[in-house]
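So the structure is just underneath, and the comments pick up after that.
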Amino acid sequence: MFTARRWWEHKGLHIGILSLIVGGAWILRQTQGALLLEIYQGVTSQFQILQPGTNPEERLKDARVLELEAQITELENQNKKLQQLLGYVEKEPISSRPIPARVVGRSADNWWQQVILNRGSLAGIQEGFVVKAEGGLVGLVESVTPNTSRVLLISDLKSKVGVNISRTGAKGVVRGDASAEAVLEFYEKVPNVKPGDVVVTSTYSQKFPSGLPIGRIKSLDLKKLPASVAKVELFPSIRSLDWVTVYPKPENQQQENLQSQK
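Residue numbers (the numbering used here): 20 to 281.
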């Protein structure tokens, strides 16, 4: 009896540990690891509670807050632009007050050629209407639908605008260059022009009212034949147009002026 007790004291701990291992292995096999996974999740969840901000619900909430903040910032920026645009529109005479519109379409292959506006004939826009943005002339309405307008930009290779130099009156034609710059071809061989001079639409232009700013002379090539040419840095941000204003074509304005004088 004494010998069996001593044997149990020496071997009992080992037998108990071995039983736990065998029993655990059997349970793990029967449950296919589910019990072990539950124990792991129970332990790790306690650590997640101790770590603020790691809860999935809190992370989702933070993401939603960041999304709302971004939306609010965008709305504030749009509201500021609209206020500036409306303030500008209200300064114009009622008879020639422009139509505000936003650029909603622009294809990658026609980036410098045309844009689509979100207003069309239902808003009073017609083909030939003049489009301006902050800085000056943008282009000409080429076609309209009830709710959209397609604008041919002055940066288009097909675009031609009669212009003159504000400082000296030197005249020429601005042609689009499919970039943020345009090419000015002068009528004179040696025009009185220098870099920095402002380019505006000419009084001889039939498509655009006179005096609309277009850009600034960036460089000159007086050796070009048959006449000198210049690079013009366009004032309007053709690269990133957003809101614009659409004006009646010049002949409409002339007719309205005649009617108002009668």
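Here a beta-carbon is modelled for each residue, glycine too, at the ideal position from N, C-alpha and C.
Values in this document were obtained by computation on a predicted structure and should not be read as measured data.
Endpoints, beta strand (DSSP E) assigned at residue i
| i | result |
| --- | --- |
| Gly181 | Lys179 to Ile184 |
| Pro267 | No beta strand (DSSP E) contains Pro267, which DSSP labels as neither H nor E. |
| Glu161 | Gly155 to Val163 |
| Thr220 | Val217 to Thr220 |
| Ile135 | Gln133 to Leu136 |
| Val170 | Ser168 to Leu172 |
| Val150 | Val149 to Ala152 |
Check whether residue i and residue j have beta carbons under 8 Å apart
| i | j | result |
| --- | --- | --- |
| Phe227 | Val150 | no |
| Asp261 | Val122 | yes |
| Val218 | Leu203 | yes |
| Ser221 | Val251 | no |
| Val263 | Leu239 | no |
| Arg235 | Asp216 | yes |
| Ala189 | Glu207 | yes |
| Gly155 | Pro232 | yes |
| Lys243 | Pro214 | no |
| Glu19 | Pro255 | As displayed, the chain neither begins before 20 nor continues past 281, which places residue 19 out of reach and without an answer. |
Local conformation of residue i per DSSP, three classes
| i | result |
| --- | --- |
| Ala127 | helix |
| Ile257 | helix |
| Ala199 | coil |
| Leu141 | helix |
| Pro119 | strand |
| Pro232 | strand |
| Gly191 | strand |
| Lys237 | strand |
| Lys250 | strand |
| Gln225 | coil |
| Glu207 | coil |
| Trp262 | strand |
| Gln273 | Because the pLDDT of Gln273 is 45, which lies under 50, any placement of that residue in the model is unreliable, and the number read from its coordinates should be weighed accordingly. Residue state, collapsed to three classes: helix. |
Rounded Cβ spacing between residue i and residue j (contact assumed at less than 8 Å)
| i | j | result |
| --- | --- | --- |
| Gln133 | Asp196 | 15 Å between Cβ atoms; not a contact. |
| Val157 | Ile144 | About 14 Å; that fails the 8 Å criterion. |
| Ile257 | Leu172 | 6 Å |
| Pro165 | Gly139 | 5 Å |
| Ser185 | Val209 | The Cβ separation is near 19 Å, so there is no contact. |
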